[in-house]
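Numbering (the working numbering), first residue to last: 842 to 1160.
We put the CB at the ideal spot given by N, CA and C, even for glycine.
Please read these numbers as outputs of a predicted model, since none were measured by experiment.
Heads up: the structure comes next, in structure tokens.
In structure tokens form, the structure reads like this:
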């Protein structure tokens, strides 16, 4: 008894779909996609989903222990009239701009210094990394003692030198508190900038400096026309990360001042935590956090367009 063969159309479609899938997974053009798929899933699960959930919550009146309802832009309207929020925006921009600029200047100087031949260079490079690898809270506690109104080593030293007649209240005065947290952030961030720029300096060929020296170039001219142009892509990347890390800083500020005195050191991140978690108004806290996104996108966009303008990736000339 002869068996009845399967319909040609069904068998053909199965073979066609199977061969299409086999071609897809074996196609060399898709190899990069398959390798990136696990990382993309991780980012979607732990970054994209929380971000989207936070943006949605900013349009609701959700509180801790109570489901919220959609209220539109009411949270943002409330923030628009909130003086503490605008003070936190000012503090965040001041904190980011000043700290990032000083970190870049000191980091570049350290990178150029560590790139020279010197004794114990490996040990010095390792020592430079210490502020960056120490946990943030431990650094904050150390600075908290340094800035203490009664036992500050800075006030003690200045009093014994006869420069002041009373202790400085570093964390109790608005101006001193802003300067103090900026200095603490600079101390932690300089090693990251320095080591990253040092890695970029290692890629510059010494023959370029030798040729420039033979042509009579000064140290400044070698830096201006060799070091800085070749280091520009690294500078763009490291400063983008530095700005993002500084703008979203939370641990250092919260451990040192908790936003005080009188909100003088409140950043947008710390204010969002205070309003959303401690006060229980999750919608308002999410709105403050969401308001940080345009600033972060602006920093990334400026860096991206700057690198595209110079076209370092393609090795072409400047525009």
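Apart from the five residues just before and just after residue 1102, which ones in its own chain have a Cβ nearer than 8 Å to its Cβ? The residue given as residue 1102 occupies position 261 in the chain shown. So the list reads 1012, 1013, 1014, 1015, 1018, once near-sequence residues are dropped.
Return helix, strand or coil for residue 1091, following the three-state DSSP convention. As a first step, residue 1091 is located in the chain shown; it is residue number 250 there, counting from the start. Residue state, collapsed to three classes: coil.
Closest to residue 1022 by CA distance: which of 983, 994, 961 is it? Sequence index remark: in the chain shown, residue 1022 carries index 181 (1-based). Measuring from the Cα of residue 1022, the nearest candidate turns out to be 983.
Residue from 1139, 1123, 1143 whose Cα sits closest to the Cα of residue 896: Translated into positions along the chain shown, residue 896 becomes position 55. It is 1123.
Rounded to whole angstroms, how far is the Cβ of residue 1075 from the Cβ of residue 1053, which I believe are closer than 8 Å? The residue given as residue 1075 occupies position 234 in the chain shown. The residue given as residue 1053 occupies position 212 in the chain shown. The Cβ separation is near 20 Å, so there is no contact.
Looking at residue 1026: is its Cβ nearer than 8 Å to the Cβ of residue 933? Looking up residue 1026 in the chain shown gives position 185. Looking up residue 933 in the chain shown gives position 92. At a Cβ-Cβ threshold of 8 Å, residue 1026 and residue 933 do not count as neighbours.
DSSP has residue 901 in a bridge; who is on the other side? Position 60 of the chain shown holds residue 901. Paired residue(s): 911.
Would the stretch 989–1007 count as touching the stretch 1056–1064 if we require 3 or more Cβ pairs under 8 Å? No, the stretch 989–1007 does not touch the stretch 1056–1064.
Contact the stretch 1084–1100 vs the stretch 868–887: 3+ CB pairs below 8 Å: Verdict: no, contact absent.
For residue 912 versus residue 970, is the C-beta spacing smaller than 8 Å? Start at 1 with the first residue of the chain shown, and residue 912 comes out as number 71. Start at 1 with the first residue of the chain shown, and residue 970 comes out as number 129. Contact: no.
Taking the C-alpha atoms as reference points, what is the distance between residue 1107 and residue 936? For the purposes of this step, residue 1107 is taken as residue 266 along the chain shown, with counting starting at 1. For the purposes of this step, residue 936 is taken as residue 95 along the chain shown, with counting starting at 1. A straight-line Cα-Cα distance of about 10 Å links residue 1107 and residue 936.
Tell me whether residue 1142 sits in a helix, a strand or coil according to DSSP, three-state version. To locate residue 1142, count along the chain shown from 1; it is residue 301. Residue 1142 falls in the helix class under three-state DSSP.
Three-state secondary structure (DSSP) of residue 959: As a first step, residue 959 must be located in the chain shown, where it is residue number 118. Taken through DSSP and simplified to helix, strand or coil, residue 959 comes out as coil.
From residue 1081 to residue 1141, what does the alpha carbon distance come to, in whole angstroms? The sequence position of residue 1081 within the chain shown is 240, counting from 1. The sequence position of residue 1141 within the chain shown is 300, counting from 1. About 6 Å.
Per-residue DSSP class, three states only, for residue 1054: As a first step, residue 1054 must be located in the chain shown, where it is residue number 213. DSSP places residue 1054 in the helix class (H, G or I) of the three-state scheme.
Exposure label - residue 988; buried when at least 16 CB within 10 Å: Taking the chain shown and counting its residues from 1, the one referred to as residue 988 is at position 147. With 16 or more other Cβ atoms within 10 Å, it is buried.
Excluding the 5 residues preceding and the 5 following residue 972 in the sequence, name in chain order all residues of the same chain whose CB lies nearer than 6 Å to its CB. Taking the chain shown and counting its residues from 1, one reaches residue 972 at position 131. The residues are 1028, 1029, 1032.
Measuring straight from C-alpha to C-alpha, what distance separates residue 905 and residue 1115? For the purposes of this step, residue 905 is identified with residue 64 of the chain shown, where counting begins at 1. For the purposes of this step, residue 1115 is identified with residue 274 of the chain shown, where counting begins at 1. If you draw a straight line from the Cα of residue 905 to the Cα of residue 1115, it comes to about 13 Å.
Would you mind reading off the limits of the alpha helix (DSSP H) that contains residue 1029? Within the chain shown, numbered from 1, the residue matching residue 1029 stands at position 188. In the DSSP annotation of this structure, the continuous segment of the alpha helix (DSSP H) that includes residue 1029 starts and ends at 1015–1042.
Helix or strand or just coil, what does DSSP make of residue 1133? Position 292 of the chain shown, counted from the start, is the residue given in the question as residue 1133. Taken through DSSP and simplified to helix, strand or coil, residue 1133 comes out as coil.
If I'm right that residue 1079 touches residue 1038 with Cβ under 8 Å, what's the distance once you round it to whole angstroms? Counted from its first residue, the chain shown places residue 1079 at position 238. Counted from its first residue, the chain shown places residue 1038 at position 197. Yes, residue 1079 and residue 1038 are in contact; Cβ-Cβ is about 6 Å, under 8 Å.
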